[in-house]
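All remarks here apply to the structure that follows.
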Amino acid sequence: MWNWRYLLVMGLCGTAGYEGQAAYAAPSEQGGTLSLAPIVSASATGQPVAAKTETKTWFSDIDVGLQLEAGAMANSGHPHNGMNFGQLLQSHSDTGLLNQVALTITKPVDPIGGGYGLGANIQMLYGSDARAYVITGISDRWLKHDRYQITPIQANIALHMPWLTKEGLDVQAGILASPMGVEVLNPAGRAFYTMTYTAQYSNPFEHVGFYGQWHFNLHYAVLFGVDAGNQKSFGRGNNNGRPAGYVGFNASQLAGGAVSVTYLLRVGPEDARRQLGTHRAHEAQRYWNDLNATWQITPKWSLTAEATQVHDEGLEANTWSGVLWGAYAATSSLTINARAEVYRDSTGQFIVQYPEDGSYGRVLLGLPARTYSAPATTYGDFSLNAVWRPQLGHHVKLLQIRPEIRFDRSLNNTRPFADFRHQNRILIGGDVTLGF
(Lines of atoms letter the chains of each structure in order from A and count residues from 1; the text may use other names and numbers.)
(Lines give C-alpha, C1' and ligand atoms only; values in the text may rest on other atoms or scores of the structure.)
Protein backbone atom coordinates (compact mmCIF):
# COMPACT_ATOMS: atom_id res chain seq x y z
CA MET A 1 0.00 0.00 0.00
CA TRP A 2 2.91 2.38 0.51
CA ASN A 3 5.11 3.19 -2.48
CA TRP A 4 7.93 5.64 -3.05
CA ARG A 5 5.83 8.16 -4.95
CA TYR A 6 3.16 8.25 -2.26
CA LEU A 7 5.69 8.87 0.51
CA LEU A 8 7.47 11.61 -1.42
CA VAL A 9 4.22 13.36 -2.30
CA MET A 10 3.11 13.14 1.33
CA GLY A 11 6.38 14.79 2.37
CA LEU A 12 6.18 17.46 -0.31
CA CYS A 13 2.56 18.26 0.50
CA GLY A 14 3.48 18.72 4.15
CA THR A 15 1.19 16.27 5.98
CA ALA A 16 0.53 16.99 9.61
CA GLY A 17 2.94 14.48 11.06
CA TYR A 18 6.04 12.46 10.92
CA GLU A 19 7.12 10.88 7.61
CA GLY A 20 3.60 11.24 6.25
CA GLN A 21 1.87 10.76 9.60
CA ALA A 22 -1.44 11.81 8.08
CA ALA A 23 -1.32 8.61 6.02
CA TYR A 24 -4.16 7.27 8.16
CA ALA A 25 -6.31 10.12 6.82
CA ALA A 26 -4.75 10.40 3.37
CA PRO A 27 -6.99 10.77 0.33
CA SER A 28 -5.10 8.08 -1.57
CA GLU A 29 -2.49 5.43 -0.88
CA GLN A 30 -1.96 4.64 -4.53
CA GLY A 31 0.21 7.63 -5.32
CA GLY A 32 -0.74 10.88 -6.98
CA THR A 33 0.63 14.14 -8.18
CA LEU A 34 1.62 17.17 -6.22
CA SER A 35 -1.30 19.51 -5.57
CA LEU A 36 -0.40 23.07 -4.66
CA ALA A 37 -2.78 24.87 -2.29
CA PRO A 38 -4.05 28.32 -3.32
CA ILE A 39 -2.45 31.26 -1.61
CA VAL A 40 -5.64 33.38 -1.43
CA SER A 41 -8.90 31.96 -0.12
CA ALA A 42 -11.80 32.04 -2.56
CA SER A 43 -14.67 34.45 -1.90
CA ALA A 44 -17.79 32.83 -0.47
CA THR A 45 -20.10 34.95 -2.68
CA GLY A 46 -19.84 36.98 -5.81
CA GLN A 47 -21.19 40.12 -4.15
CA PRO A 48 -19.07 43.16 -3.34
CA VAL A 49 -18.40 43.44 0.37
CA ALA A 50 -16.76 46.04 2.57
CA ALA A 51 -15.11 43.50 4.88
CA LYS A 52 -11.42 42.76 4.36
CA THR A 53 -10.51 39.72 2.26
CA GLU A 54 -9.00 36.83 4.22
CA THR A 55 -5.60 35.96 2.76
CA LYS A 56 -3.24 33.07 3.31
CA THR A 57 0.45 33.85 3.72
CA TRP A 58 3.21 31.41 2.88
CA PHE A 59 3.76 30.82 6.62
CA SER A 60 0.12 30.46 7.69
CA ASP A 61 -0.13 26.70 7.13
CA ILE A 62 2.96 25.58 9.04
CA ASP A 63 1.92 22.48 10.96
CA VAL A 64 3.35 20.71 14.02
CA GLY A 65 2.78 17.02 14.75
CA LEU A 66 3.76 14.78 17.65
CA GLN A 67 3.70 10.98 17.51
CA LEU A 68 4.66 8.38 20.13
CA GLU A 69 5.17 4.63 19.76
CA ALA A 70 5.97 1.96 22.37
CA GLY A 71 5.88 -1.83 22.22
CA ALA A 72 7.48 -5.15 23.11
CA MET A 73 8.10 -8.57 21.54
CA ALA A 74 8.42 -11.67 23.72
CA ASN A 75 10.84 -14.31 22.38
CA SER A 76 10.04 -18.02 22.66
CA GLY A 77 13.77 -18.83 22.94
CA HIS A 78 14.38 -16.42 25.85
CA PRO A 79 17.95 -15.72 24.62
CA HIS A 80 20.56 -15.18 27.31
CA ASN A 81 22.00 -12.21 25.39
CA GLY A 82 18.56 -10.55 25.50
CA MET A 83 18.48 -9.89 21.75
CA ASN A 84 15.84 -10.63 19.10
CA PHE A 85 18.34 -11.64 16.41
CA GLY A 86 17.64 -10.01 13.04
CA GLN A 87 15.54 -7.18 14.50
CA LEU A 88 17.22 -3.77 14.59
CA LEU A 89 14.23 -1.83 15.95
CA GLN A 90 12.54 -4.47 18.13
CA SER A 91 15.99 -5.56 19.21
CA HIS A 92 15.53 -6.50 22.88
CA SER A 93 13.57 -9.62 23.79
CA ASP A 94 10.93 -9.68 26.53
CA THR A 95 11.50 -5.94 27.09
CA GLY A 96 9.27 -2.92 26.60
CA LEU A 97 10.73 -0.20 24.38
CA LEU A 98 9.87 3.44 23.81
CA ASN A 99 10.50 3.17 20.09
CA GLN A 100 9.72 6.73 19.04
CA VAL A 101 8.80 10.18 20.14
CA ALA A 102 8.70 12.01 16.80
CA LEU A 103 8.25 15.76 16.44
CA THR A 104 7.49 17.15 12.98
CA ILE A 105 7.36 20.74 11.76
CA THR A 106 6.07 20.91 8.21
CA LYS A 107 5.59 23.75 5.76
CA PRO A 108 3.48 22.40 2.87
CA VAL A 109 4.57 23.18 -0.65
CA ASP A 110 2.76 26.38 -1.70
CA PRO A 111 3.10 28.48 -4.87
CA ILE A 112 5.77 31.15 -4.90
CA GLY A 113 5.11 32.41 -8.42
CA GLY A 114 5.72 31.33 -11.99
CA GLY A 115 4.41 27.83 -11.35
CA TYR A 116 7.08 27.13 -8.72
CA GLY A 117 6.33 25.80 -5.23
CA LEU A 118 8.35 25.75 -2.01
CA GLY A 119 8.00 23.91 1.29
CA ALA A 120 10.09 22.45 4.11
CA ASN A 121 10.13 19.48 6.54
CA ILE A 122 11.86 18.98 9.89
CA GLN A 123 11.42 15.72 11.79
CA MET A 124 13.31 14.78 14.97
CA LEU A 125 13.06 11.40 16.64
CA TYR A 126 13.86 10.35 20.21
CA GLY A 127 13.71 6.71 21.23
CA SER A 128 15.26 3.29 20.79
CA ASP A 129 14.72 3.35 16.99
CA ALA A 130 17.22 6.21 16.73
CA ARG A 131 20.08 3.76 17.44
CA ALA A 132 19.56 2.20 13.99
CA TYR A 133 18.54 5.38 12.14
CA VAL A 134 21.69 7.24 13.16
CA ILE A 135 23.43 9.52 10.62
CA THR A 136 27.21 9.44 10.98
CA GLY A 137 28.73 12.88 11.40
CA ILE A 138 25.39 14.30 12.60
CA SER A 139 23.76 12.17 15.31
CA ASP A 140 26.19 9.29 15.91
CA ARG A 141 27.61 11.01 19.00
CA TRP A 142 24.35 12.22 20.53
CA LEU A 143 23.51 10.06 23.55
CA LYS A 144 25.54 7.30 21.91
CA HIS A 145 25.77 5.22 25.08
CA ASP A 146 22.03 5.42 25.81
CA ARG A 147 19.27 3.06 24.70
CA TYR A 148 17.13 6.09 23.82
CA GLN A 149 18.89 8.39 21.38
CA ILE A 150 18.08 11.40 19.17
CA THR A 151 18.38 11.61 15.39
CA PRO A 152 16.95 13.75 12.57
CA ILE A 153 14.72 11.81 10.20
CA GLN A 154 14.13 14.71 7.82
CA ALA A 155 15.44 18.25 7.53
CA ASN A 156 14.91 19.36 3.96
CA ILE A 157 13.42 21.83 1.56
CA ALA A 158 10.84 20.69 -0.99
CA LEU A 159 10.57 22.25 -4.43
CA HIS A 160 8.08 21.98 -7.27
CA MET A 161 9.35 23.16 -10.66
CA PRO A 162 7.14 23.44 -13.78
CA TRP A 163 9.79 22.08 -16.16
CA LEU A 164 9.28 20.29 -19.49
CA THR A 165 6.04 18.49 -18.62
CA LYS A 166 2.66 19.60 -17.31
CA GLU A 167 3.18 17.82 -13.97
CA GLY A 168 6.77 19.10 -13.65
CA LEU A 169 9.60 18.12 -11.33
CA ASP A 170 9.44 17.58 -7.54
CA VAL A 171 12.69 17.61 -5.53
CA GLN A 172 13.70 17.36 -1.87
CA ALA A 173 17.19 18.34 -0.67
CA GLY A 174 18.77 17.94 2.77
CA ILE A 175 18.29 15.04 5.20
CA LEU A 176 15.90 12.59 3.58
CA ALA A 177 14.23 9.28 4.33
CA SER A 178 15.32 6.66 1.80
CA PRO A 179 12.90 6.26 -1.12
CA MET A 180 13.65 2.52 -1.50
CA GLY A 181 11.41 -0.23 -0.20
CA VAL A 182 7.90 -0.78 1.16
CA GLU A 183 8.22 -0.66 4.96
CA VAL A 184 8.97 2.76 6.42
CA LEU A 185 10.07 3.95 9.86
CA ASN A 186 6.77 5.70 10.58
CA PRO A 187 4.57 3.12 12.39
CA ALA A 188 1.47 4.76 10.88
CA GLY A 189 2.83 4.03 7.41
CA ARG A 190 3.59 0.31 7.68
CA ALA A 191 1.44 -2.71 8.45
CA PHE A 192 3.52 -4.48 11.15
CA TYR A 193 5.42 -3.59 14.30
CA THR A 194 8.34 -5.89 13.42
CA MET A 195 10.08 -5.28 10.12
CA THR A 196 11.23 -7.66 7.40
CA TYR A 197 14.88 -8.61 6.98
CA THR A 198 14.55 -6.90 3.60
CA ALA A 199 13.56 -3.53 5.07
CA GLN A 200 16.29 -3.62 7.72
CA TYR A 201 19.22 -5.07 5.78
CA SER A 202 18.57 -4.68 2.03
CA ASN A 203 16.92 -1.23 1.97
CA PRO A 204 18.82 1.95 2.94
CA PHE A 205 17.41 4.02 5.82
CA GLU A 206 18.17 7.72 5.17
CA HIS A 207 20.50 10.07 3.34
CA VAL A 208 22.05 13.51 3.13
CA GLY A 209 21.59 14.67 -0.45
CA PHE A 210 18.68 15.14 -2.85
CA TYR A 211 16.17 13.08 -4.76
CA GLY A 212 13.29 13.84 -7.01
CA GLN A 213 10.71 12.65 -9.45
CA TRP A 214 10.08 13.96 -12.92
CA HIS A 215 6.45 13.38 -13.88
CA PHE A 216 5.75 12.50 -17.49
CA ASN A 217 2.03 12.57 -16.67
CA LEU A 218 -0.33 11.62 -13.86
CA HIS A 219 0.78 7.96 -14.00
CA TYR A 220 4.48 7.79 -14.88
CA ALA A 221 7.57 9.38 -13.33
CA VAL A 222 11.35 8.99 -13.44
CA LEU A 223 13.00 8.80 -10.00
CA PHE A 224 16.59 9.86 -9.30
CA GLY A 225 18.91 11.19 -6.59
CA VAL A 226 22.48 11.65 -5.32
CA ASP A 227 23.65 11.44 -1.69
CA ALA A 228 26.67 10.93 0.59
CA GLY A 229 25.83 7.27 1.25
CA ASN A 230 23.46 5.23 3.39
CA GLN A 231 23.23 7.08 6.74
CA LYS A 232 26.40 9.08 6.00
CA SER A 233 27.04 12.81 5.93
CA PHE A 234 30.22 14.68 4.99
CA GLY A 235 33.70 15.12 6.47
CA ARG A 236 34.29 12.76 9.39
CA GLY A 237 30.76 11.45 8.89
CA ASN A 238 31.57 9.89 5.51
CA ASN A 239 33.21 6.48 5.61
CA ASN A 240 34.77 6.63 2.14
CA GLY A 241 34.20 10.10 0.65
CA ARG A 242 32.39 8.95 -2.48
CA PRO A 243 28.75 9.65 -3.44
CA ALA A 244 26.03 7.15 -4.28
CA GLY A 245 22.71 7.57 -6.02
CA TYR A 246 19.37 6.29 -7.30
CA VAL A 247 17.65 5.90 -10.63
CA GLY A 248 14.31 4.27 -11.34
CA PHE A 249 10.69 4.74 -12.29
CA ASN A 250 7.21 4.79 -10.81
CA ALA A 251 3.94 3.82 -12.47
CA SER A 252 0.98 4.67 -10.26
CA GLN A 253 -2.81 4.36 -10.37
CA LEU A 254 -2.82 1.94 -13.27
CA ALA A 255 -5.74 -0.36 -14.07
CA GLY A 256 -8.27 2.20 -12.94
CA GLY A 257 -6.25 3.19 -9.89
CA ALA A 258 -5.77 -0.35 -8.55
CA VAL A 259 -2.10 -1.02 -9.40
CA SER A 260 1.16 0.82 -8.67
CA VAL A 261 4.71 -0.31 -9.45
CA THR A 262 8.08 1.15 -8.39
CA TYR A 263 11.60 0.09 -9.36
CA LEU A 264 14.80 1.64 -7.97
CA LEU A 265 18.46 0.88 -8.63
CA ARG A 266 20.99 2.29 -6.19
CA VAL A 267 24.74 2.25 -6.93
CA GLY A 268 27.71 3.56 -4.96
CA PRO A 269 30.59 2.62 -2.64
CA GLU A 270 29.27 1.95 0.88
CA ASP A 271 32.17 0.12 2.59
CA ALA A 272 34.49 1.96 4.99
CA ARG A 273 38.09 2.97 4.24
CA ARG A 274 39.09 1.63 7.65
CA GLN A 275 37.75 -1.77 6.63
CA LEU A 276 38.97 -2.16 3.03
CA GLY A 277 41.61 0.55 2.59
CA THR A 278 41.01 3.79 0.72
CA HIS A 279 41.54 2.55 -2.84
CA ARG A 280 39.38 -0.54 -2.52
CA ALA A 281 36.66 1.29 -0.58
CA HIS A 282 36.42 3.93 -3.31
CA GLU A 283 36.45 1.36 -6.11
CA ALA A 284 34.13 -1.33 -4.75
CA GLN A 285 30.49 -0.67 -5.55
CA ARG A 286 27.32 -1.84 -3.83
CA TYR A 287 24.37 -2.48 -6.13
CA TRP A 288 20.85 -2.43 -4.64
CA ASN A 289 17.82 -3.45 -6.70
CA ASP A 290 14.26 -3.12 -5.41
CA LEU A 291 11.01 -3.77 -7.26
CA ASN A 292 7.68 -3.47 -5.47
CA ALA A 293 4.05 -3.40 -6.55
CA THR A 294 0.62 -2.97 -4.94
CA TRP A 295 -2.74 -4.24 -6.11
CA GLN A 296 -5.98 -3.01 -4.55
CA ILE A 297 -8.05 -6.04 -5.49
CA THR A 298 -11.27 -4.75 -3.94
CA PRO A 299 -11.99 -1.95 -1.46
CA LYS A 300 -11.36 -4.50 1.31
CA TRP A 301 -8.57 -6.72 -0.09
CA SER A 302 -5.07 -5.68 -1.18
CA LEU A 303 -1.73 -7.31 -1.99
CA THR A 304 1.79 -5.85 -1.93
CA ALA A 305 4.91 -7.63 -3.18
CA GLU A 306 8.60 -6.73 -3.05
CA ALA A 307 11.70 -8.34 -4.56
CA THR A 308 15.26 -7.19 -3.75
CA GLN A 309 18.82 -8.10 -4.67
CA VAL A 310 22.03 -6.58 -3.25
CA HIS A 311 25.60 -7.23 -4.39
CA ASP A 312 28.58 -5.73 -2.54
CA GLU A 313 31.89 -5.92 -4.41
CA GLY A 314 34.00 -4.98 -1.38
CA LEU A 315 32.48 -7.54 0.99
CA GLU A 316 32.04 -10.08 -1.83
CA ALA A 317 28.55 -10.64 -0.46
CA ASN A 318 25.09 -11.05 -1.95
CA THR A 319 21.51 -11.06 -0.71
CA TRP A 320 18.17 -11.67 -2.37
CA SER A 321 14.68 -11.65 -0.94
CA GLY A 322 10.99 -11.78 -1.69
CA VAL A 323 8.16 -10.47 0.50
CA LEU A 324 4.38 -10.68 0.13
CA TRP A 325 1.82 -8.72 2.21
CA GLY A 326 -1.92 -9.30 2.26
CA ALA A 327 -4.43 -6.97 3.92
CA TYR A 328 -8.15 -7.28 4.64
CA ALA A 329 -10.05 -4.21 5.83
CA ALA A 330 -12.61 -5.88 8.09
CA THR A 331 -14.15 -2.55 9.14
CA SER A 332 -13.31 1.13 8.75
CA SER A 333 -11.10 0.90 11.86
CA LEU A 334 -9.84 -2.73 11.82
CA THR A 335 -7.44 -4.33 9.31
CA ILE A 336 -6.05 -7.88 9.36
CA ASN A 337 -2.57 -8.33 7.81
CA ALA A 338 -0.41 -11.30 6.83
CA ARG A 339 3.22 -11.18 5.66
CA ALA A 340 5.58 -13.85 4.34
CA GLU A 341 9.27 -13.45 3.46
CA VAL A 342 12.24 -15.45 2.22
CA TYR A 343 15.64 -13.77 2.63
CA ARG A 344 19.04 -15.17 1.60
CA ASP A 345 22.24 -13.83 3.21
CA SER A 346 24.91 -15.66 1.21
CA THR A 347 27.84 -14.92 3.54
CA GLY A 348 26.32 -13.96 6.88
CA GLN A 349 27.68 -10.40 6.61
CA PHE A 350 24.36 -8.60 6.18
CA ILE A 351 22.15 -9.97 8.99
CA VAL A 352 24.01 -8.60 12.01
CA GLN A 353 22.87 -7.77 15.55
CA TYR A 354 24.28 -4.78 17.47
CA PRO A 355 24.05 -5.42 21.25
CA GLU A 356 25.61 -2.12 22.32
CA ASP A 357 23.73 1.13 21.92
CA GLY A 358 26.44 2.82 19.84
CA SER A 359 27.51 -0.22 17.80
CA TYR A 360 25.52 0.47 14.66
CA GLY A 361 27.01 3.92 14.05
CA ARG A 362 30.54 2.66 14.75
CA VAL A 363 30.18 -0.18 12.24
CA LEU A 364 28.97 2.27 9.57
CA LEU A 365 32.29 4.10 9.95
CA GLY A 366 34.36 0.92 10.05
CA LEU A 367 35.21 1.33 13.74
CA PRO A 368 35.47 -1.70 16.07
CA ALA A 369 32.24 -2.73 17.79
CA ARG A 370 30.73 -5.86 19.32
CA THR A 371 28.27 -7.59 16.98
CA TYR A 372 26.51 -10.94 16.54
CA SER A 373 26.23 -12.65 13.17
CA ALA A 374 25.19 -16.07 11.87
CA PRO A 375 26.61 -18.24 9.09
CA ALA A 376 25.24 -17.98 5.57
CA THR A 377 21.51 -18.47 6.09
CA THR A 378 18.27 -18.51 4.17
CA TYR A 379 15.67 -16.98 6.50
CA GLY A 380 11.95 -17.57 6.28
CA ASP A 381 9.40 -15.64 8.33
CA PHE A 382 5.63 -15.40 8.56
CA SER A 383 3.67 -12.78 10.52
CA LEU A 384 0.03 -12.13 11.39
CA ASN A 385 -1.40 -9.04 13.04
CA ALA A 386 -4.45 -6.84 13.52
CA VAL A 387 -4.38 -3.04 13.22
CA TRP A 388 -7.09 -1.21 15.17
CA ARG A 389 -7.49 2.53 14.66
CA PRO A 390 -10.49 3.86 16.59
CA GLN A 391 -11.48 7.46 15.96
CA LEU A 392 -11.11 9.37 19.23
CA GLY A 393 -11.21 13.02 18.17
CA HIS A 394 -10.33 15.64 20.78
CA HIS A 395 -7.07 16.53 18.94
CA VAL A 396 -5.98 12.86 18.82
CA LYS A 397 -5.19 12.26 15.15
CA LEU A 398 -4.18 8.62 15.58
CA LEU A 399 -4.57 5.80 18.07
CA GLN A 400 -3.16 2.62 16.58
CA ILE A 401 -2.97 -0.73 18.39
CA ARG A 402 -1.18 -3.66 16.67
CA PRO A 403 -0.96 -7.10 18.33
CA GLU A 404 1.36 -9.39 16.34
CA ILE A 405 2.69 -12.94 16.19
CA ARG A 406 5.75 -13.80 14.08
CA PHE A 407 7.45 -17.10 13.24
CA ASP A 408 11.08 -17.17 11.96
CA ARG A 409 13.01 -20.21 10.76
CA SER A 410 16.35 -20.98 9.12
CA LEU A 411 15.57 -22.80 5.88
CA ASN A 412 19.06 -24.29 5.50
CA ASN A 413 19.49 -25.85 8.98
CA THR A 414 21.68 -23.15 10.56
CA ARG A 415 20.88 -21.98 14.13
CA PRO A 416 20.79 -18.17 14.16
CA PHE A 417 18.26 -17.71 16.98
CA ALA A 418 18.33 -17.74 20.80
CA ASP A 419 22.12 -17.43 21.30
CA PHE A 420 22.67 -19.52 18.13
CA ARG A 421 21.04 -22.56 19.73
CA HIS A 422 17.75 -22.72 17.78
CA GLN A 423 16.75 -23.09 14.15
CA ASN A 424 13.48 -21.23 14.69
CA ARG A 425 11.74 -18.83 17.07
CA ILE A 426 8.38 -17.20 17.75
CA LEU A 427 7.91 -13.51 18.62
CA ILE A 428 4.65 -12.40 20.25
CA GLY A 429 3.80 -8.82 21.19
CA GLY A 430 2.81 -5.59 19.55
CA ASP A 431 2.83 -1.82 19.87
CA VAL A 432 0.67 1.23 20.50
CA THR A 433 1.04 4.49 18.53
CA LEU A 434 -0.51 7.81 19.52
CA GLY A 435 -0.46 10.84 17.25
CA PHE A 436 -1.46 14.48 17.82
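Numbered according to my numbering, the sequence shown spans residues 13 to 448. All residues carry an ideal CB built from backbone N, CA and C; glycine is no exception. Predicted model, so just to flag it, every value in this text is computed and none were measured.
Give the DSSP bridge partners of residue i, in chain order.
i	result
Ala-173	One detail in the question is off: residue 173 reads as Met in this sequence, not Ala. DSSP lists Leu-181 as partners of Met-173.
Trp-400	Leu-346, Ile-413
Gln-85	Looking at the sequence itself, residue 85 is Met, so the reference to Gln does not match. Paired residues: Gly-441.
Ala-233	His-227, Asn-262
Gln-79	Ala-114, Gly-447
Glu-318	Asn-304, Val-335
Val-273	Ala-263, Ala-305
Phe-429	His-434
Asn-330	His-323
Gly-139	Gln-161
Ile-134	Ile-117, Ala-167
Pro-123	Gly-129
Tyr-384	Gln-365
Gly-280	Arg-298
Glu-218	Ala-189
Straight-line CA distance for residue i to residue j?
i	j	result
Gly-405	Leu-78	15 angstroms
Phe-419	Glu-218	28 angstroms
Gly-447	Ile-413	12 angstroms
Pro-402	Gly-201	16 angstroms
Ala-142	Ala-352	26 angstroms
Phe-204	Pro-415	9 angstroms
His-104	Ser-345	30 angstroms
Gly-268	Asp-283	43 angstroms
Thr-69	Ile-124	10 angstroms
Tyr-366	Gly-98	10 angstroms
Gly-257	Trp-300	10 angstroms
Ala-240	Val-220	6 angstroms
Thr-107	His-92	13 angstroms
Ile-134	Leu-423	42 angstroms
Glu-179	Leu-130	15 angstroms
Ser-395	His-291	43 angstroms
Phe-246	Pro-255	10 angstroms
Arg-449	Val-364	Given a span of 13 to 448 for the chain in the structure shown, any question on residue 449 remains unanswerable.
Asn-96	Leu-181	42 angstroms
Run the CB neighbour count on residue i, radius 10 Å, all protein chains shown included, and call it buried at 16 or more, exposed below.
i	result
Arg-433	exposed
Thr-343	exposed
Ser-371	buried
Ser-12	A query on residue 12 cannot be resolved here, the shown segment of the chain reaching from 13 to 448 and no further.
Gly-127	exposed
Pro-216	buried
Asp-122	buried
Asn-111	buried
Asp-393	buried
Just to check my reading of the structure: residue i and residue j have Cβ atoms closer than 8 angstroms, yes? What is that Cβ distance to the nearest angstrom?
i	j	result
Tyr-160	Gln-184	Actually they do not touch by this definition, with Cβ atoms about 28 angstroms apart.
Ile-162	Ala-189	The Cβ separation is near 16 angstroms, so there is no contact.
Leu-276	Met-207	No, Leu-276 and Met-207 are not in contact; Cβ-Cβ is about 18 angstroms, not under 8 angstroms.
Thr-148	Gln-243	6 angstroms
Ala-263	His-227	Rounded, the Cβ-Cβ distance is 11 angstroms, inconsistent with contact.
Thr-347	Val-399	5 angstroms
Gly-83	Gly-441	6 angstroms
Does any C-beta atom of chain B lie closer than 8 angstroms to the C-beta of residue i?
i	result
Glu-325	The question asks about chain B, but that chain is absent: this structure has only one protein chain.
Heavy atom of the ligand GTP less than 7 angstroms from the Cβ of residue i, yes or no?
i	result
Leu-410	The model on display carries no ligand, and the ligand GTP is accordingly not part of it.
Task: Validate contact between the segment 145 to 159 and the segment 224 to 239 using beta carbons, cut 8 angstroms, 3 pairs - done: With a cut-off of 8 angstroms, the segment 224 to 239 and the segment 145 to 159 do not count as touching, because too few Cβ pairs lie within range.
- [ ] Report yes or no: do the segment 81 to 91 and the segment 170 to 179 share at least 3 C-beta pairs separated by less than 8 angstroms?
- [x] Under the Cβ criterion (8 angstroms, minimum of three pairs), the segment 81 to 91 does not count as touching the segment 170 to 179.
Open item on the list: Using a Cβ distance threshold of 8 angstroms, determine whether the segment 67 to 76 contacts the segment 102 to 121, with at least three qualifying pairs required.
Closed with: Remark: three or more beta-carbon pairs, one from each stretch, lie closer than 8 angstroms, so the segment 67 to 76 and the segment 102 to 121 are flagged as touching.
Open item on the list: With a threshold of 8 angstroms, are at least 3 pairs of Cβ atoms found where one atom belongs to the segment 353 to 364 and the other to the segment 297 to 310?
Closed with: Using a Cβ-Cβ distance cut-off of 8 angstroms, the segment 353 to 364 and the segment 297 to 310 are not in contact, since fewer than three pairs of beta carbons, one from each stretch, lie closer than that value.
Open item on the list: Tell me whether the segment 366 to 376 and the segment 318 to 338 touch, counting them as touching only if at least three CB pairs, one residue from each stretch, are closer than 8 angstroms.
Closed with: Contact between the segment 366 to 376 and the segment 318 to 338 is absent, because fewer than three Cβ pairs lie under 8 angstroms.
Task: Three CB pairs or more closer than 8 angstroms across the segment 248 to 262 and the segment 286 to 296 - done: The segment 248 to 262 vs the segment 286 to 296: in contact.
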